[in-house]
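Here is the structure we will look at, set down as structure tokens.
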Amino acid sequence: MDENAVVNESKQYIVVKLDNEQYGIDITFIDNIVRMQQITRVPKAQSYFAGVINLRGEIIPVMSLRTKFGLPDKEYTNATRIIIVKPESNAKIGVLVDEVREVVALEDDNIEKAVYEEQGSNLLGVGKYNDTLISLLNIQGVIQDLDNA
Amino acid sequence: MDLSQYLEMFIDETKEHLQNLNDQVLVLEAEPDNIDTINEIFRAAHSLKGMAGTMGFKRMQRLTHDMENVFSEIRNGKMSVTPDLVDIVFKCLDAIEEYLDCIINTSDEGENDNEELINMLNACLKAEGAPEDVKPAQPEVKEEDKKEEDNDKRKFLHIDIADFEKNAITEAKAKNLNVYGVTVYIDESCVLKAARAFLVFKGLENKGEIIKSVPGVQDIEDEKFDFDFSMLIISDKSLEEIKKIISNVSEIKEVVIENYEIPNDVEVVSSVQKEEKAPEKEEVKKKKAAPAKNSKPVANRSVRVDIEKLDVLMNLVSELIIAKNGLVSVSNQEDSKTSMQSFNEQIEYLERITTNLHESVMKVRMVPIESVVNRFPRMIRDLSKKLGKEMELIMTGEDTELDRTVIDEIGDPLMHMLRNSADHGLEPTIERLKLGKPQVGTIQLNAYQDGNNVTIEVIDDGAGIDVEKVKASAIKKGTITEEQAEMMTEKDAIDLLFRPAFSTSEKITDVSGRGVGLDVVKNKIEGLGGDVEVSTKLGEGTKFTVRLPLTLAIIQALMVEVRQEKYAIPLNSIVTIEDVSVHDIKYVQQKEVINLRGTVIPLVRLDEALDCSPREEEPENLVVVIVKKGDKQTGLVIDNLLGQQEIVIKPLGKYINIHRMISGATILGDGEVALIIDSNALI
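In structure tokens:
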């Protein structure tokens with residue numbers, strides 16, 4: 014039972030890649046991860062929305078994290094994934110990433126909180142995992158931001 | 028016991044009873060002597076009381092209980108229906124509705140005791156004392172009195188028991204027998220409470236004599252009581268023994284038993300009994316409030332579905348499974364030729380099922396418009412009182428069915444329009460008499476199905492719209508200039524009414540005139556894919572016509588291609604499809620137009636409107652889809668026609684900003700998503 018207690022204190026993150034940077038998304042918000050599929054462009058929507066996809070009969074808007082973070086567009090590859098995030102119980106949104114790597118469990122001690130505060134609400138902090146750094150996305154912040162954009 | 032699972036049912040049924048009460052009280056107002064109506068009201072109030080009690084909504088129960096009392100008196104002919112009383116009853120209904128709203132939102136009835144209303148009801152009951160003597164002039168009524176006497180005993184217990192009970196008790200005391208007052212509480216989860224009560228009585232029968240029970244024995248047998256009943260019992264056995272006998276009956280929650288003394292005053296009897304009950308009730312309430320609070324997300328919206336419709340659905344689903352199995356077995360066949368043939372057969376079968384399934388599901392979603400319009404008679408009645416105008420509402424076609432989504436949205440716009448007709452449309456009664464019109468103004472609400480649309484008309488026989496007045500008001504507000512006003516046709520001027528913040532009514536009333544209204548109505552109806560039209564004749568009346576699509580979920584659409592992208596244009600907005608040579612394009616104010624059989628139609632390049640990449644080379648002939656909105660037309664230039672298709676409209680999801688010209692999306696046969704163009708936004 015002691016083991017469980019330790020697990021409970023840490024949070025699990027899915028690690029995704031954009032170019033060479035690693036980002037972590039809190040696993041509790043993630044509904045699904047799907048392969049790249051045809052995206053239908055939606056005219057006049059926010060620029061960082063790639064369009065909408067059909068996920069088993071449900072239409073879900075997909076945003077490109079690259080465009081959102083001001084990175085240049087990149088060809089979709091075999092590794093490209095759409096992460097279906099469910100920030101609220103009745104709404105889903107897809108997030109386009111270059112690659113999904115792994116699931117890591119980070120304890121609070123390994124998360125540096127204050128460092129990236131000036132970057133706005135997009136990041137929760139930076140996690141240290143083995144020798145790598147993972148920027149932890151504030152997924153609700155990223156999405157809430159859409160309303161203002 | 029956790030009652031939250033019954034909450035939805037409670038809410039639905041309360042709504043039904045409330046609606047029924049509203050309708051019946053309206054009838055009662057017109058025919059105060061209608062016995063059937065009074066009975067119906069009594070029954071509905073009684074059911075409401077019972078339901079509220081079961082769910083532990085004590086305040087609501089109390090109010091309905093007092094209402095029931097009043098109608099019980101009316102039913103027994105001891106009271107007559109007065110306009111004042113009707114007003115009070117309507118207020119009570121509103122109060123109950125408030126409770127219900129509160130319950131829907133928080134699963135708790137709230138803190139409002141509505142003491143005032145209860146006092147008013149009780150005042151009515153007391154005031155009835157005087158007319159009571161006058162009433163019995165009618166022998167018929169008196170006869171009924173006698174019949175109902177049993178019931179009265181229950182309600183006016185303290186009056187009736189006074190003499191003979193006193194005697195019985197005194198006698199018993201003289202014989203050195205014990206007299207106990209007993210209140211038995213039955214467990215709320217008990218299903219056969221009458222049976223439990225019967226067992227209690229049976230057990231006591233051998234031990235003593237029950238001189239009085241509240242409610243009466245008959246009522247208890249008929250289960251006409253909540254979860255408690257009280258009685259007075261004379262016995263030679265000890266208090267403990269009696270208590271044990273009662274407690275031994277299963278599902279009895281608690282027994283309150285005490286030595287009973289003859290009260291000095293009758294009033295005290297009832298108050299003693301009440302005191303006994305009071306703390307108990309408090310406890311019950313607390314118990315019930317607790318689980319209710321845990322179930323915070325309260326009451327989903329629900330549709331009542333005919334069981335037959337569900338059976339049909341179930342049947343179709345089982346057929347669907349058979350069809351799937353058929354396909355599986357076909358795919359296992361080795362011989363490719365026969366498998367191809369049976370494959371096609373299975374596909375056809377599947378197609379037939381899905382068509383039927385679609386039709387059945389649509390039917391399930393269809394709700395008669397009645398559920399929206401049945402609250403309007405009450406509203407018109409209130410408006411009539413408030414505005415001091417005499418008016419009546421005539422409704423036809425309440426059974427016309429509309430899609431559930433439309434029904435949910437259409438209530439407010441219709442209410443706005445009716446208020447508008449009542450306030451602005453109809454003249455004051457005095458003026459009507461001067462004009463030689465019937466004293467009572469008429470508002471008609473007609474609904475009927477018209478092809479793939481449902482039409483709802485709101486017609487009043489009032490003053491009509493004064494076009495000049497509208498124009499003057501618009502100029503004053505700066506909406507249009509005088510020159511523009513000169514140029515305006517009557518129709519254009521009437522359209523001004525649909526502009527935001529426009530009201531011709533000089534004075535602001537409670538009812539309307541704040542300038543919020545018709546523009547909201549129009550927006551809402553257009554949002555539902557419908558349209559509004561107004562026709563008016565000065566001095567004779569106004570007619571609003573609302574046209575709504577039968578269903579929102581599935582429509583016929585024309586699939587088109589713009590560059591590589593596929594779009595759907597709803598078929599009901601399309602007039603024709605034309606091939607236009609580029610040489611036929613003319614320019615008016617630097618805008619492209621075409622002259623099509625004498626009509627000048629502006630062109631919209633869909634590729635530009637949709638931000639598509641520009642075409643490399645302009646073709647000689649353009650494909651133009653002519654769409655209409657009202658009597659305006661526009662040509663949409665597209666690249667290719669793909670054909671007509673039935674599409675299912677789906678929302679685009681939250682978070683993404685959607686331009687007005689895109690009304691949704693649909694999923695095509697190959698799983699691709701195509702956007703649906705709302706041509707209204709392009710005209």
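In the order they appear, the protein sequences are chains A and B.
So the number in the numbering used here is just where the residue sits in the first sequence, counting from 1, plus 13.
So the number in the numbering used here is just where the residue sits in the second sequence, counting from 1, plus 27.
C-beta: ideal position from N, C-alpha, C; glycine also.
Asked: Nearest neighbour of A/F42, chosen from A/T93, A/E101, A/P56 [CA to CA]; Found: A/E101
Asked: B/S640 versus B/Q591 - alpha carbon distance; Found: 10 Å
Asked: Same chain, Cβ closer than 7 Å to B/F37, five either side skipped, listed in chain order; Found: M78, M82
Asked: Residue environment, B/L337, which counts as buried when at least 16 other CB atoms sit within 10 Å; Found: exposed
Asked: Chain A residues whose Cβ lies nearer than 8 Å to that of B/D638; Found: P56, K57
Asked: Local conformation of B/P475 per DSSP, three classes; Found: One detail in the question is off: residue 475 of chain B reads as Tyr in this sequence, not Pro. It is a strand residue.
Asked: Cutoff 6 Å; reference B/T572; Cβ partners in own chain excluding five residues on either side; Found: E484, E560
Asked: Cα-Cα separation between B/D666 and B/M389, rounded to whole angstroms; Found: 34 Å
Asked: Contact with chain A by B/N684, beta-carbon distance below 8 Å; Found: yes
Asked: Proximity below 8 Å, CB of B/P576 to CB of B/G554; Found: no
Asked: DSSP state of B/E143 mapped onto helix, strand, coil; Found: helix
Asked: Contacts of A/I95 in chain B (Cβ-Cβ under 8 Å); Found: By Cβ distance, chain B contributes nothing, its closest Cβ being about 13 Å from A/I95, past 8 Å.
Asked: Alpha helix (DSSP H) segment containing A/Q35, residue limits; Found: No alpha helix (DSSP H) holds A/Q35; the beta strand (DSSP E) holding it covers 34-39.
Asked: Endpoints, the alpha helix (DSSP H) within which B/M406 is located; Found: 403-414
Asked: The segment 576-600 of chain B: positions lying closer than 9 Å to chain A by Cβ; Found: E592, K593
Asked: Candidates B/S265, B/F252, B/R223, B/E285: closest to B/E278 by CA position; Found: B/R223
Asked: Interface residues of the segment 65-86 of chain B facing chain A [CB-CB below 7 Å]; Found: none
Asked: Chain B residues whose Cβ lies nearer than 7 Å to that of A/Q51; Found: E699
Asked: Neighbour list for A/F62 in chain B, Cβ cutoff strictly below 9 Å; Found: Y682, I683, N684
Asked: Other residues of its chain near B/R574: CB distance less than 6 Å, five sequence neighbours each side excluded; Found: N480, T482, G557, D558
Asked: CB of B/I689 within 8 Å of CB of A/V55, strictly; Found: yes
Asked: Where B/R541 falls: helix, strand or coil (DSSP); Found: With a pLDDT of 42 at B/R541, under the threshold of 50, the modelled position of this residue cannot be trusted, and the question is left open.
Asked: Sequence-distant residues of the same chain with beta carbon closer than 6 Å to B/T423, five excluded per side; Found: N473
Asked: The segment 371-382 of chain B in contact with the segment 332-351 of chain B per 3-pair CB rule at 8 Å; Found: yes
Asked: Cα-Cα separation between B/L441 and B/R431, rounded to whole angstroms; Found: 16 Å
Asked: Residue from A/D32, A/G37, A/I156 whose Cα sits closest to the Cα of A/Y89; Found: A/D32
Asked: Whole alpha helix (DSSP H) elements within the segment 431-489 of chain B, 4-residue minimum; Found: 431-447, 456-461
Asked: Alpha-carbon spacing of B/E56 relative to B/K105, whole angstroms; Found: 18 Å
Asked: Sequence-distant residues of its chain with Cβ nearer than 6 Å to B/D705 (five each side left out); Found: M688, S690
Asked: Terminal residues of the alpha helix (DSSP H) in which B/N342 lies; Found: 334-359
Asked: Start-to-end residues for the alpha helix (DSSP H) that takes in B/I621; Found: No alpha helix (DSSP H) contains B/I621, which is instead part of the beta strand (DSSP E) from 618-623.
Asked: Minimum Cβ-Cβ distance from A/D144 to chain B less than 8 Å; Found: no
Asked: Contained beta strand (DSSP E) runs [length at least 3] in the segment 213-250 of chain B, N- to C-terminal order; Found: 235-241
Asked: For B/M514, the three-state DSSP class (helix, strand or coil); Found: helix
Asked: Inter-residue Cα distance where the pair is B/L524 and B/A584; Found: 32 Å
Asked: Counted within 10 angstroms of its Cβ, other Cβ atoms place B/P678 as buried (16 or more) or exposed; Found: exposed
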